[in-house]
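Participant: Each residue of the sequence shown is one higher than the one before, counting from 873 in my numbering. Structure below; questions to follow.
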Amino acid sequence: MTRYFTDGTGGFQTRSDGPLSPPEGWEEITAEEYQTQIAEARTAADAHADEFLAADGELPPPPEGTPPPVIPVDELPIGGSDQPDGGK
873 MTRYFTDGTG GFQTRSDGPL SPPEGWEEIT AEEYQTQIAE ARTAADAHAD EFLAADGELP
933 PPPEGTPPPV IPVDELPIGG SDQPDGGK
């Protein structure tokens, strides 16, 4: 029998009967709740995709209060040869 779990922050997991238990902090939910939450997550993902496409591929600004990245995206190395160990 399949069991359904959520971590409360958008993570979902299914488990079959067996010796392993879900990670600490995960809550068991019903199959109906699981289906509802998955549908809501898909709807939100579709909305974000539509927003991204409408912006012609430009990333939207991060939410207020988001710390800057350690390395700005524009300065990330592109090829493997830019790696200190030669990309190995």
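For glycine and all other residues, C-beta sits at the position ideal for the given N, C-alpha and C. Keep in mind the model is a prediction, meaning the values are calculated, not measured.
(1) Is the region 897–908 touching the region 878–887, taking contact as three or more C-beta pairs under 8 Å?
(2) Does the separation of the CB atoms of S888 and T902 fall below 7 Å?
(3) With a threshold of 8 Å on Cβ separation, who are the neighbours of A913 within its own chain once the five nearest residues in sequence on each side are excluded?
(4) Tell me, please, which residues DSSP counts as bridged to I901.
(5) In the DSSP assignment, what residue or residues form a beta bridge with F884?
Facilitator: Per the coordinate set shown:
(1) Counting Cβ pairs under 8 Å, three or more are found: they touch.
(2) Your numbering for residue 888 matches position 16 in the sequence shown. Your numbering for residue 902 matches position 30 in the sequence shown. S888 places its beta carbon 7 Å or farther from that of T902.
(3) As a working mapping, residue 913 is identified with position 41 in the sequence shown. For A913, where only same-chain residues beyond five positions count, the Cβ hits under 8 Å are G882, F884.
(4) Residue 901 sits at position 29 when you count from the first residue of the sequence shown. Bridge partners of I901: Y876.
(5) Taking the first residue of the sequence shown as position 1, residue 884 is located at position 12. The partner list for F884 (beta bridge, DSSP) reads T878.
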